[in-house]
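To start, the structure under review is shown below, and the notes come after it.
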Amino acid sequence: MVVLNLLNYLVLSLAFFACSQNEALNNEQLNEPILSCAQSGDVVIVDDSKTPECVSINEENICLRNDFGFARALQHENPLVFQSCLKFGSERTMSSGLIVRKVKVELDIEDSEKVTFAQWADQNKTLLSEVEGYAGNSLFGEIIYVGENPNPFILQGVLNPEIMVAEFRGDRVFPHAPRIFPNVQSLFSYWEDGSRETSFESTVPEINSLISFVDHQVQTFTVEEKIGNNCQVSCIKESDRISTPFGSVYFREYLSHQNIYRQEWRLENQQSKVIALIYMSKQSPSLAVWIDRDDSGFANSVSIFNHKGRKLYSQEFRRPQLLDNLELENIVSSNEINRPTVGVCEAALVPSQLQQQSPNSQLILGPFEEQSFYGWVSSDQGFNLNGRLALNELELPIDQFPLSTHSHQVVGELSQGVPVGLIPLGMNACLKAEEANTWYSHFVENGHRVVNMSIRDESDRDNCSVEMESHPMVRDDKVLWVVAAGNQGQSNSTGCPQHLSGKSNLLIVGASDGVRVHPSSNFGENFVDIYADGMTHDRSAWGTSMAAPKVAKVAADIADQYPELSILSIKASIMLSAHIPLGRLPARSKGVLDYRQAMLLARIINQEGGDVQGALKERYCHFYCGPNYYLRNEIWENISKGQDNE
1395 MVVLNLLNYL VLSLAFFACS QNEALNNEQL NEPILSCAQS GDVVIVDDSK
1445 TPECVSINEE NICLRNDFGF ARALQHENPL VFQSCLKFGS ERTMSSGLIV
1495 RKVKVELDIE DSEKVTFAQW ADQNKTLLSE VEGYAGNSLF GEIIYVGENP
1545 NPFILQGVLN PEIMVAEFRG DRVFPHAPRI FPNVQSLFSY WEDGSRETSF
1595 ESTVPEINSL ISFVDHQVQT FTVEEKIGNN CQVSCIKESD RISTPFGSVY
1645 FREYLSHQNI YRQEWRLENQ QSKVIALIYM SKQSPSLAVW IDRDDSGFAN
1695 SVSIFNHKGR KLYSQEFRRP QLLDNLELEN IVSSNEINRP TVGVCEAALV
1745 PSQLQQQSPN SQLILGPFEE QSFYGWVSSD QGFNLNGRLA LNELELPIDQ
1795 FPLSTHSHQV VGELSQGVPV GLIPLGMNAC LKAEEANTWY SHFVENGHRV
1845 VNMSIRDESD RDNCSVEMES HPMVRDDKVL WVVAAGNQGQ SNSTGCPQHL
1895 SGKSNLLIVG ASDGVRVHPS SNFGENFVDI YADGMTHDRS AWGTSMAAPK
1945 VAKVAADIAD QYPELSILSI KASIMLSAHI PLGRLPARSK GVLDYRQAML
1995 LARIINQEGG DVQGALKERY CHFYCGPNYY LRNEIWENIS KGQDNE
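So for the sequence shown, the numbering used here puts the first residue at 1395; every next one is plus one.
Written out as structure tokens, the structure is:
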């Protein structure tokens, strides 16, 4: 326990103690609020009048409301009391629906520095009460780390600059834009007057070349909009390039709702690959990143250094080797497979893992020998390992685990029952028009007709519309794109390509829980087409990402058994055969996927020569055409006329 050697703190110090069910309280204190406090696990605070008070340290900052609260909290036998005081600001909801969350400070420093912090904080409570984080979906709007040894999760946040505040996802456990300070004095300067420290030590020549630019005044910026219009939500501002012997240097700012939440100086080599980066905290150099690349641009390793030049973090990467015989056994060419096929918009599909988890399925090799993702993205697209390795915006193969896990969960749902042939396309190769056009014609020529997209890209409607103008999803109707609706519990089709909902070759899938819409699934009768069970077959995960492949599997089976059916007829077979509960669901189909009924209706539509209305009469008009027929006929009219999404 830290003892504060200050007379005024000793005079004014209060007795703190943690309450629990086993703790002895005197007769005056044994009252109902205190017993309730003990049962809830909160902390009892005793003030000057010796009246105990129950306080939830998880919900309020007791240090800001009490005299010398930080000093007292530092002395408390329960360290969580002091940690609870290191969360500043209040949460508020913006017009966009995002929440400006609290700032969290993590002090990894010596006890003497913690005393200095407590003394300073007690004298600057007004300043701390005004601290405000950034809008986002993460738990905290801003992470501030003080110390010389940031943990790996914080450092991984530095290595993932593409994670924008407004699109921070729950599957990333590390902060997206931490502020890192070596000591409390530098933190005080940051909070008090925004003063900056530019001294930085390094023995790496590439880093030293960047440090010399830290004080450079940036005059002009180009802006890349990531989310929203006119940089109102999230965007990147980038300075002009400056030529150096090591390559080109430029400055970047990342903004969310017009707040700068990340700054960095970058050095790119002649191949336009980032080889060094200075990570800034409020315009002061905080960390340095060095990326060692081979002649092809592949990152052999990455290292992170602090302001004293000490290495805090390093990771080596291995270039994917040629597939071994065991992996090759699970990859076949299109003409070797005799089963339904589905294009899979997933990264990090690994043949050996696939063989263990889905032994009945096979990967289908694409037409390009110099394969970046098993031959489906052409080699003339440049250095691209998307799929075998998940590359982030710095082209570092990190953060593979969540991507690989998601990929194999999706594939696991496709592989249930009759095995399928899996065509690994990657995420970017599905969303980006330029890459999609490299594989699409080969995909169609080889008779493949269904693509599963368990993706919700966070780009805004306007930017996505521009990207989609030349995308095969928009300009062609030879493939059915089965797309997850998203797990935001919203009725707005703001994702990409979900905003194209209503197109004849697009089928949007929500997640159901029995015959009800799962509360976290996106929904809407003018957005979602149909629902399917969102739980994986082994009950290990849930989401619309797991519902979509169940529908894609049915579409692939129909396309395989009835190759003459049009894409619209395949979509109609699935939607018009849905199980419609008494309380109709908010979707165009009004119901939930029914595999057997979908296959039956597809057979009838095929027998009727593609006449969907005739098939509906054959299926649902027995002695007379009742309400069931008229409802499904109305649904068909809605499907066949489509929807204007421009």
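The beta carbon of each residue, even a glycine, is placed where N, CA and C say it ideally should be.
Beta-carbon proximity of residue i to residue j, cut-off 8 Å
i            : j            : result
residue 2079 : residue 1973 : Because the chain spans 1395 through 2040 in this model, residue 2079 falls outside it and cannot be assessed.
residue 1658 : residue 1646 : yes
residue 1708 : residue 1558 : no
residue 1733 : residue 1815 : yes
residue 2009 : residue 1999 : yes
residue 1522 : residue 1458 : yes
residue 1535 : residue 1527 : yes
residue 1895 : residue 1917 : no
residue 1711 : residue 1705 : no
residue 1930 : residue 1915 : no
residue 2024 : residue 1996 : no
residue 1830 : residue 1923 : no
residue 1909 : residue 1926 : no
residue 1486 : residue 1571 : no
residue 1906 : residue 1883 : no
residue 1791 : residue 1693 : yes
residue 1644 : residue 1632 : yes
residue 1949 : residue 1903 : no
residue 1498 : residue 1474 : no
residue 1968 : residue 1901 : yes
residue 1525 : residue 1468 : no
residue 1821 : residue 1741 : yes
residue 1873 : residue 1961 : yes
Terminal residues of the alpha helix (DSSP H) in which residue i lies
i            : result
residue 2030 : 2021–2035
residue 1940 : 1938–1955
residue 1548 : 1546–1552
residue 1831 : 1827–1839
residue 1925 : Counting along the chain, residue 1925 falls outside any alpha helix (DSSP H), though it belongs to the beta strand (DSSP E) covering 1924–1927.
residue 1868 : 1866–1869
residue 1473 : 1473–1478
residue 1745 : 1745–1751
residue 1586 : 1578–1586
Boundaries (first-last residue) of the beta strand (DSSP E) holding residue i
i            : result
residue 1698 : 1693–1699
residue 1736 : 1735–1738
residue 1571 : Unbroken run through residue 1571: none, as it is neither H nor E.
residue 1847 : 1844–1847
residue 1964 : First-last for residue 1964: 1961–1970, but that is the alpha helix (DSSP H), not the beta strand (DSSP E).
residue 1874 : 1874–1878
Cβ distance (whole Å) where residue i is taken to contact residue j below 8 Å
i            : j            : result
residue 1846 : residue 1808 : 7 Å
residue 1878 : residue 1848 : 5 Å
residue 1819 : residue 1738 : 6 Å
residue 1537 : residue 1500 : 7 Å
residue 1759 : residue 1726 : 7 Å
residue 1970 : residue 2030 : 6 Å
residue 1560 : residue 1627 : 5 Å
residue 1551 : residue 1569 : 4 Å
residue 1743 : residue 1574 : Not quite, the Cβ-Cβ distance comes to about 35 Å (not below 8 Å), so this is no contact.
Reduced DSSP secondary structure (H/G/I, E/B, other) of residue i
i            : result
residue 1426 : With a pLDDT of only 48 at residue 1426, under the threshold of 50, the placement of this residue in the model should not be trusted; the figure read from the coordinates follows. Reduced to three states, the DSSP call for residue 1426 is helix.
residue 1629 : strand
residue 1993 : helix
residue 1890 : strand
residue 1770 : coil
residue 1410 : Caution is warranted here: a pLDDT of 31 is assigned to residue 1410, below 50, making its placement in the model unreliable, and the coordinate value is therefore given only provisionally. Here residue 1410 sits in strand by DSSP.
residue 1932 : coil
residue 1678 : strand
residue 1603 : helix
residue 1777 : With a pLDDT of 43 at residue 1777, under the threshold of 50, the predicted position of this residue should be treated as unreliable, and no value is reported.
residue 1653 : strand
residue 1463 : helix
residue 2013 : helix
residue 1668 : strand
residue 1999 : helix
residue 1728 : helix
residue 2008 : helix
residue 2043 : This structure cannot speak to residue 2043, because the chain is shown only from 1395 to 2040.
task = Kindly provide the ranges of any beta strand (DSSP E) runs that are 3 or more residues long and lie completely inside the segment 1497–1522, ordered along the chain.
result = 1497–1502
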